[in-house]
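Numbering (my numbering), first residue to last: 507 to 943. Note that CB positions come from ideal geometry on N, CA and C, so glycine has one too. Everything below concerns the one structure shown next.
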Ligand code: XLS
Ligand code: NI
Ligand code: NI
């Protein structure tokens, strides 16, 4: 096949002074940060759905994307051709990992059996290109939200036949992810929620979802798949309410059903924002529970209440994100998956490169700034000092669970009043943060 991006060569690092739009200014894959190459800190992944299947269509407008290799059909031939284009893209942009849904890469057939067969053909092609290029699968997933059969949910459907169908689809997607050496498997419950509580048995739906996830974890063990299983929280859209609302809600669900041993979280920046949080907040919550598996890197727009999936170009967000990643000691099987799409006005093939370069450079800077803040140490030192009263005998005894209310009352009566207060110094800390940028 003729190259899909004939005018674009492999993107190189040229440094901050470069004016070449098709070069990295900050992402220098092998440059060491805190003793580790940037590419191993960041572990970028490209999402097949946005990059290969996004056509720019939205509710008020027809497709806008110019994709010379596309016939926009659902034929197997087209699906095979897309794989080739995708790997050319990965090679040229210098991204080592990718993520997919079963139905992004291969067309749905007339029956489940036919869908499985289509998927096998494409999986073999993906394997061939992985072997030839050394590119790897970060995670796979099953698309359980587009087809009308899932209108009422998949694992939470009121229709048991749909539940069975969804289980079969996940089983197959997990097998293929395993065959392709995937490092993870994600559950994003786009339809696992409700539009109205008038027609919903919430308790029963949550019980079913837990059963679904339990069977998935059992099957993972059965086939010897060693990738991590992850839930991707999202508050809403397409449903009015989604059960995996945010990190804290999802962790509570996993704990309640004893699933925390098998599942971690795949957090998405835009989803944290939809829940009314920052990504930094959801990351802190997940890290505190030792359950941050991977990240869908993008960003939303604070003026809009939906999942705009923009490429992450906000330095504050990428810096906070990388501070969290460094704090937890880096990814193991996770990475930064660009669950991001070009704006429908950015319709040329070349825009796919500009968008990924923008996201990669912004994350590279976020990483360097985060490392600088850590090296500077003033913020960490401040936080440590803020809690220093707990480092004395009283604090240690309380933390060890060796005190009771009666004893504390005695101490408080003796004190008469609290006399030592320290400022929170928020503005001072924000200035240190800004100095590092
Ligand atoms: C949608 C989700 C989806 C998941 C994978 O909002 O982000 O793309 O990442 O199903
Ligand atoms: Ni996502
Ligand atoms: Ni999303």
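Please tell me whether residue i and residue j are closer than 8 angstroms, where the distance is taken between their beta carbons.
| i | j | result |
| --- | --- | --- |
| residue 668 | residue 722 | no |
| residue 718 | residue 673 | yes |
| residue 661 | residue 607 | no |
| residue 632 | residue 611 | yes |
| residue 852 | residue 861 | yes |
| residue 678 | residue 625 | yes |
| residue 572 | residue 854 | yes |
| residue 856 | residue 514 | yes |
| residue 879 | residue 829 | yes |
| residue 696 | residue 643 | no |
| residue 647 | residue 691 | yes |
| residue 753 | residue 773 | yes |
| residue 685 | residue 733 | no |
| residue 823 | residue 756 | no |
| residue 602 | residue 545 | yes |
| residue 803 | residue 788 | no |
| residue 796 | residue 553 | no |
With DSSP run on the structure shown, which of helix, strand or coil describes residue i?
| i | result |
| --- | --- |
| residue 695 | coil |
| residue 645 | strand |
| residue 607 | strand |
| residue 564 | strand |
| residue 612 | coil |
| residue 734 | strand |
| residue 908 | coil |
| residue 872 | helix |
| residue 650 | coil |
| residue 817 | coil |
| residue 927 | coil |
| residue 635 | helix |
| residue 530 | strand |
| residue 898 | coil |
| residue 865 | helix |
| residue 830 | helix |
| residue 749 | coil |
| residue 893 | coil |
| residue 943 | coil |
| residue 558 | helix |
| residue 851 | coil |
| residue 809 | coil |
| residue 601 | coil |
| residue 594 | helix |
| residue 507 | coil |
Go ahead and label residue i buried or exposed: buried means 16 or more other beta carbons lie within 10 angstroms of its beta carbon, across all protein chains shown.
| i | result |
| --- | --- |
| residue 867 | buried |
| residue 812 | exposed |
| residue 549 | buried |
| residue 623 | exposed |
| residue 843 | buried |
| residue 628 | buried |
| residue 525 | exposed |
| residue 694 | buried |
| residue 654 | exposed |
| residue 896 | exposed |
| residue 736 | buried |
| residue 594 | buried |
| residue 809 | exposed |
| residue 770 | buried |
| residue 923 | exposed |
| residue 826 | buried |
| residue 609 | buried |
| residue 762 | exposed |
| residue 1019 | Outside the displayed span of the chain (507 to 943) sits residue 1019, for which this structure offers no information. |
| residue 616 | exposed |
| residue 728 | exposed |
| residue 943 | exposed |
| residue 568 | exposed |
Taking DSSP's pairing of strands, which residues face residue i in a bridge?
| i | result |
| --- | --- |
| residue 843 | 551, 802 |
| residue 744 | Answer is none; residue 744 lacks a bridge partner. |
| residue 759 | DSSP, once it has assigned bridges, lists no residue as partnering residue 759. |
| residue 774 | 802 |
| residue 538 | 543 |
| residue 518 | 529 |
| residue 640 | Note: residue 640 sits in no beta bridge, so no partner. |
| residue 769 | 735 |
| residue 690 | 734 |
| residue 725 | Its beta-bridge partners do not exist; DSSP assigns none. |
| residue 700 | 747 |
Of all the CB atoms in chain C, is at least one closer than 8 angstroms to the CB of residue i?
| i | result |
| --- | --- |
| residue 848 | Annotation note: the requested chain C is absent from the structure, which comprises a single protein chain. |
Who sits around ligand 2, taking every residue whose Cβ is closer than 5 angstroms to one of its heavy atoms? 774, 802, 845
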